[in-house]
Amino acid sequence: MLRTPSGGAGHGTAATDSGLMSIGTVLNVLRDEFPEVTISKIRFLESEGLIEPQRTPSGYRKFSAHDVERLGHVLRMQRDHYLPLKVIREHLEDMERGEAVPLPALGRQRDGGAAPEAAEGPTAARIGRAELLAAAGVEEEELREWESYGLVTPLEDGAYDAEAVTVASLVAELGRFGIEPRHLRVMKAAADREAGLVDQVVAPLRRHRNPQTRAHAEARAKELAGLTVKLHAALVQIALGVRLP
């Protein structure tokens with residue numbers, strides 16, 4: 616359960632007297648459970664209609680405790696059940712109408728078990744090209760350029776990993792600052808090297824005959840991936856002499 620701060624002097628100016636929170640405060644609250652969440656991710660989920668924070672007269676976002684709980688629910692369904700945003704949105708709408716709906720049984724589960732009836736159909740961890748374009752809000756020409764630099768890569772069947780939406784959204788946002796796709800090749804190369812290091816560590820476990828050992832390999836890979844992401848972020852912040860909120 617997410618712990619949301621209450622309004623008051625103990626939280627300085629981050630939260631208003633009405634209990635509304637700035638996006639920086641929301642980020643800090645969410646990072647207890649979702650260490651890889653970013654402000655860009657929160658803004659993207661807002662652009663997809665999954666949350667609707669209030670706005671101050673000057674345009675700043677202000678989030679209620681309900682907004683934060685909803686964000687946590689969305690991130691949890693993405694992380695644990697690999698559900699696409701369209702399915703998550705529909706599920707939340709059903710819940711808010713008071714309908715007792717079970718969590719959609721699509722895609723892979725975080726514990727490694729397959730969801731019922733999912734083996735023969737498309738998994739929710741994959742999205743089509745049209746869905747990727749719509750979710751990221753980009754044009755076909757932009758996506759082709761990103762693919763040419765290896766920033767977004769289709770799978771063998773032509774679909775994309777659901778995380779490609781996050782990549783595409785971040786590439787687009789960086790573009791607003793004049794950072795072009797060709798500039799991001801160094802980041803892709805660094806990510807590939809980090810992934811190679813993690814894979815080198817867990818490869819012996821993945822080849823093991825024991826299914827529990829192989830499952831442990833996946834859990835270890837996720838743990839190592841999280842640590843490498845945190846280290847990378849910390850090193851970038853140190854190099855730039857900045858601190859993210």
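With the numbering used here applied, the sequence shown corresponds to residues 616 to 860, in that order.
Backbone N, C-alpha and C define an ideal beta-carbon position, used for all residues, glycine too.
Taking residue i as the reference, give the member of the options with the closest Cα.
i, options, result
"residue 775", "662, 643, 751", "751"
"residue 687", "647, 671, 639", "647"
"residue 746", "844, 777, 685", "777"
"residue 779", "756, 765, 835", "765"
"residue 820", "705, 834, 808, 809", "834"
"residue 841", "705, 785, 651", "651"
"residue 810", "677, 769, 839", "839"
"residue 940", "852, 741, 782", "The structure shown does not extend to residue 940, since the chain spans only 616 to 860, so no value can be given for it."
"residue 698", "741, 684, 660, 680", "741"
Check residue i in the structure and name its three-state DSSP category.
i, result
"residue 654", "helix"
"residue 691", "helix"
"residue 704", "helix"
"residue 742", "strand"
"residue 797", "helix"
"residue 678", "strand"
"residue 670", "strand"
"residue 776", "strand"
"residue 732", "In this prediction, residue 732 scores a pLDDT of 37, lower than 50, which makes its location untrustworthy; the coordinate-derived value is nonetheless stated afterwards. Note: residue 732 maps to coil in three-state DSSP."
Just to confirm before moving on: does the CB-CB distance between residue i and residue j stay below 8 Å?
i, j, result
"residue 657", "residue 644", "no"
"residue 700", "residue 663", "yes"
"residue 692", "residue 703", "yes"
"residue 655", "residue 795", "no"
"residue 670", "residue 676", "yes"
If I'm right that residue i touches residue j with Cβ under 8 Å, what's the distance once you round it to whole angstroms?
i, j, result
"residue 636", "residue 689", "Wrong, their Cβ atoms sit about 17 Å apart, outside the cutoff."
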